[in-house]
Amino acid sequence: MQRNRFLLLTLLTAVAVCQPGQSQIFYDTVSIRPVGPGMMHYRIVAPALPWAINVLQVDLTNPYVTLETVKANDRLVGLEWTSSMASRKSGPGRLAVGAINGDFYGGGGIPSNIQISRGEILVRPIARPALGFNVRNVPMINNVTMAVTASLRDTVAVVHGVNTTRGTNQLILFNSYNGFTTGTNEFGTEALLRPVTGWIANDTIICVVESIQQGIGNMPIPKGRAVLSGHGTSESSVMSRLQSGDSLKLFQRISPGLAELKEMIGGSERIIHNGINVGAWPVRHPRTAVGFSRDSSTLFLVTVDGRQPSSVGMTLTEMGEFLLRLGIYQAINLDGGGSTTMVIRNSVMNSPSDGGERAVSNGLLVLSSAPTGSLSAVTISPKSTRVFRGQQRRFLAFGRDGYGNPSEIDPAFVRFSCDPQIGSIDSLSGVLTTVRSPAEGMVYLRYQSYLDSARVVVKPLGRILLSPTSVVTDTIRTISYSVDSHDVDGLRQTFPPDAYEWTLTNSTVGSISSTGAFKGAAEGTTGVVASLDGISDTAFVRVEIGKGYSLLDPLESLSGWTVSAVEVDSFSVTVVNSVSTAADSSFRIDYSFTGSPNISYIYLDKRFPVFGVPDSVIIDARTDQHRHRIFYVIEDDNREQFRLFSTRLLDRVGVLDTIRAPLSPNLVITQGAQLNFPIVIKRIEIQLVFRHQPGVRYSGTLFLNNLRVSYPQKLTTAIEFSPQSNPASFSLSQNYPNPFNPSTVIRFSIEKDGLTTLRVYDLIGREVTTLANEHLRAGAYTAKFDASHLPSGMYVYVLMSGGQRLAKKMVMLK
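For our numbering, count along the sequence shown from 1 and bump the result up by 121.
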């Protein structure tokens with residue numbers, strides 16, 4: 122029966138726990154070792170979350186095991202490390218094998234709920250559950266009440282409190298946890314009591330009165346003794362009848378409670394009640410819990426680390442699900458957070474979230490009185506494990522004596538072996554290297570004549586997930602795909618990009634490298650497929666080639682727009698035709714505000730889905746007197762948001778200026794987001810008066826027109842090279858036809874190789890399009906200019922190359 126209980130936790134390595142609203146959670150018991158008589162320590166991880174868990178499993182029927190609560194510094198007021206309390210309470214014939222932190226506490230370290238230590242009550246209970254043990258290690262969890270009485274022959278008196286301030290007409294019991302003295306005034310009578318039968322709850326305690334003092338107060342309290350202190354009516358009814366040498370009966374009733382109750386410690390709430398998970402706190406934190414089996418024979422001390430990258434902590438519901446996996450029938454939640462600590466044989470086993478131990482109010486100890494014997498068995502750790510294919514796992518050997526204590530073994534005589542179908546193992550170090558395909562088998566430990574074994578499952582790859590799943594690109598921008606791989610237990614496994622096989626479902630659209638980098642070649646859609654071990658995933662990419670400029674809104678109508686402002690006293694947005702632009706009308710924004718430490722904004726909201734992969738958002742704007750900054754809020758394919766800002770301020774007073782906001786760099790609004798295309802422009806933000814003074818009154822007028830995006834453009838999509846001998850001059854011909862509708866041809870030549878640009882502007886200096894912007898060979902070229910999206914009017918085209926510049930005018934007539 123004992124061996125079956127110790128093997129209970131090994132099932133965690135093979136069973137997935139499915140919680141409401143969550144995918145499966147896989148636990149891996151990475152270490153099992155005997156630490157004392159009837160005691161096993163387990164280290165368990167759930168890497169997918171992640172969680173780091175420590176469990177001390179205790180056989181309560183073992184005759185060498187006792188449970189004891191401990192108070193910091195043995196004083197009601199005070200804080201102490203859990204490891205210090207465990208070390209302090211160890212001594213000849215009693216070793217604190219295990220310890221955990223205890224109850225929540227208030228100012229000065231006074232426990233929030235009841236505590237009983239070796240039969241002495243430290244503080245009264247509150248309306249929360251408490252964990253208790255009687256002299257036979259039988260456990261209980263319940264909300265309890267306390268009633269203490271003192272009997273002298275035919276008189277029974279109510280004791281109004283323990284270790285608390287003595288009030289008028291009250292009888293108070295003080296013990297050494299209160300301090301060196303009672304701290305009372307001289308108005309009363311006090312009797313020093315020595316227990317004859319030992320301290321206990323829910324049983325009669327026979328005490329002998331060693332001394333009495335009246336009208337003095339502040340009576341000393343030797344350790345193990347108690348002082349009964351009475352005032353007023355309590356003094357006259359009981360204390361006045363006491364004499365030195367009298368026998369006095371005390372009864373400390375804890376209800377409902379076990380007979381001969383010896384230890385009790387408080388907690389915040391139940392987690393498991395009669396085998397049902399009742400844990401309801403929804404926030405993840407480090408946790409400390411205690412529970413026991415249905416037959417009350419096995420105790421579990423459990424800690425879960427939290428607030429760390431290695432372990433995020435548990436909700437009480439998650440803790441309850443885990444405790445049920447251990448076979449726990451009743452469980453209570455103790456203080457968690459930075460207080461969570463588990464100590465095994467003077468070593469802190471968990472990782473406290475404070476970075477080190479926190480001093481706490483009290484703790485629960487598991488003590489051993491077992492002697493030390495000779496080696497009687499060896500244990501392999503872990504006992505059962507699941508290892509991803511091709512990876513390694515190390516096995517350890519632990520010895521224990523006939524009492525269950527750890528027993529040293531000579532590593533020179535430890536030998537490991539394994540079934541060949543699961544891989545190979547170094548016989549001395551115990552490092553198993555698994556095969557690269559699914560398998561099951563055993564690892565064997567031999568130490569002299571002692572044997573043990575562990576079960577190993579070699580896991581295959583379960584799924585791979587490509588990212589981004591759906592994206593738009595052009596022939597310039599490269600998409601680098603990432604792969605999130607998981608084994609069949611849902612645990613993430615990492616591979617280099619070139620470990621996968623990369624293919625396309627439509628190779629005419631682009632190409633994919635051996636590391637998952639896609640480059641577009643022509644417009645269209647293709648699937649990108651990554652494969653490994655027969656597992657694959659497909660993502661989709663659409664190549665869209667934008668050219669020149671795309672008009673999103675001429676800003677000639679407020680239809681569909683929502684306007685708002687912050688830190689602005691008054692504002693209005695109207696449509697006017699008083700500003701000369703490439704369109705017939707424009708937005709006029711009138712504003713006024715008083716300067717403050719906060720920034721004033723005008724917001725214009727409307728959604729514009731954008732084709733392809735633009736490089737900039739552009740708007741024409743005019744200011745009459747102040748400097749402003751223009752921003753844009755965009756949303757990508759994952760609905761992640763970004764904020765773009767213009768490269769320069771709107772500061773050319775009285776001139777309708779072209780203001781550009783490149784799509785890189787950008788300000789990330791959604792934390793951790795990465796920009797993918799296609800995008801939607803959601804908002805125009807105008808920061809009013811770039812630098813303003815608090816208390817100064819500002820007002821002015823802005824004009825906005827012609828919201829558009831521009832695209833990076835390859836030269837070969839705009840011009841043609843004429844295969845002829847190098848010309849002797851740098852030249853720009855008049856476009857033909859001129860006037861034109863809607864397209865015309867521009868011819869030019871350059872005499873030297875070099876960076877060449879050919880751009881078109883309107884008459885107020887706004888860039889309309891870029892026909893060429895590339896390193897060209899010397900020669901003659903022909904460019905076609907399509908103005909179907911532009912209004913009638915005069916335009917200027919400018920050629921620049923090798924430090925030379927030429928410009929000509931042309932007329933568009935519709």
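Cβ coordinates follow ideal geometry from the N, Cα and C atoms, glycine included.
| Asked | Found |
| --- | --- |
| Cβ-based burial, Leu566 [other Cβ within 10 Å; buried from 16] | buried |
| From Pro343, Ile326 and Val348, residue whose alpha carbon lies closest to that of Gln334 | Val348 |
| 8 Å contact criterion, which Val564 and Val577 should meet: CB distance rounded | 6 Å |
| Length of the line joining the Cα atoms of Val734 and Val552 | 51 Å |
| Own chain residues within Cβ distance below 7 Å of Ser548, not counting five before or after | Arg536, Phe537 and Ser538 |
| Closer than 7 Å: Gly159 CB and nearest the ligand NAP heavy atom | In the structure on display, the ligand NAP does not appear, and there are no ligands present to speak of. |
| Span of the alpha helix (DSSP H), counted from its first residue to its last, around Lys210 | Thr203 to Lys210 |
| Element boundaries [beta strand (DSSP E), containing Leu725] | Tyr722 to Val731 |
| Option nearest Lys931 by Cα separation, candidates Tyr882, Glu888 and Leu294 | The identity of residue 931 in the sequence shown is Met, whereas the question assumes Lys. With distances taken between Cα atoms, Met931 lies closest to Tyr882. |
| Segment limits, beta strand (DSSP E) that includes Met160 | Met160 to Ala167 |
| Nearest-angstrom beta carbon gap, Ser417 and Thr187 [assumed within contact, 8 Å] | With 8 Å as the limit, Thr187 and Ser417 do not qualify as a contact, their Cβ atoms being about 15 Å apart. |
| Cβ pair count under 8 Å reaching 3, the segment 212-223 against the segment 370-380 | no |
| Contacting residues, own chain, Cβ-Cβ under 6 Å from Ala703 (five flanking each side not counted) | In this prediction, Ala703 scores a pLDDT of 45, lower than 50, which makes its location untrustworthy; the coordinate-derived value is nonetheless stated afterwards. Taken in chain order, the residues that qualify are Asn827, Asp883 and Pro912. |
| Alpha-carbon to alpha-carbon, Arg613 and Thr695 | 56 Å |
| Those residues which DSSP pairs with Met340 across a bridge | Answer by DSSP bridge pairing: none, since Met340 is not bridged. |
| Residue burial classification, Glu529 (beta-carbon count within 10 angstroms, cutoff 16) | exposed |
| Opening and closing residue of the beta strand (DSSP E) in which Gly648 lies | Gly645 to Leu653 |
| Cβ neighbour criterion (16 or more within 10 Å) applied to Ala642 | exposed |
| Helix, strand or coil at Met440 [DSSP, three-state] | helix |
| Beta-carbon proximity list for Leu853, same chain, < 7 Å, skipping 5 on both sides | Phe869, Leu920, Leu927 and Lys929 |
| Where the beta strand (DSSP E) through Glu761 begins and ends | No beta strand (DSSP E) holds Glu761; DSSP gives it neither H nor E. |
| The segment 456-466 touching the segment 496-505, judged by at least three CB pairs closer than 8 Å | no |
| Where the beta strand (DSSP E) containing Thr266 begins and where it ends | Thr266 to Leu273 |
| Buried or exposed by the 16-neighbour rule on C-beta atoms within 10 Å, applied to Gly816 | exposed |
| Unbroken alpha helix (DSSP H) run spanning Glu806, endpoints | Taken as a continuous stretch (DSSP letters only), Glu806 belongs to no alpha helix (DSSP H), being part of the beta strand (DSSP E) at Ile800 to Gln808. |
| For Gly477, the nearest candidate out of Pro541, Asp426 and Ser505 (CA to CA) | Asp426 |
| Contained beta strand (DSSP E) runs [length at least 3] in the segment 285-355, N- to C-terminal order | 292-296, 310-316, 325-335 and 347-351 |
| Exposed unless 16 or more other CB atoms sit within 10 angstroms - verdict on Lys935 | exposed |
| Residue from Thr779, Gly396 and Arg507 with nearest C-alpha to Val738 | Thr779 |
| Enclosing beta strand (DSSP E) for Trp172 [first to last residue] | Trp172 to Asp180 |
| Buried/exposed call for Met915, threshold 16 Cβ in 10 Å | exposed |
| Outcome for Asp745 when other beta-carbon atoms lying within 10 angstroms are tallied against a minimum of 16 | exposed |
| Exposure label - Ala908; buried when at least 16 CB within 10 Å | buried |
| Exposed unless 16 or more other CB atoms sit within 10 angstroms - verdict on Thr838 | Since pLDDT at Thr838 reaches only 40, below the 50 mark, its modelled position is unreliable, and no value is offered. |
| Asp573 in three-state terms, based on DSSP | strand |
| DSSP bridge partner residues for His406 (one or two, in chain order) | Met435 |
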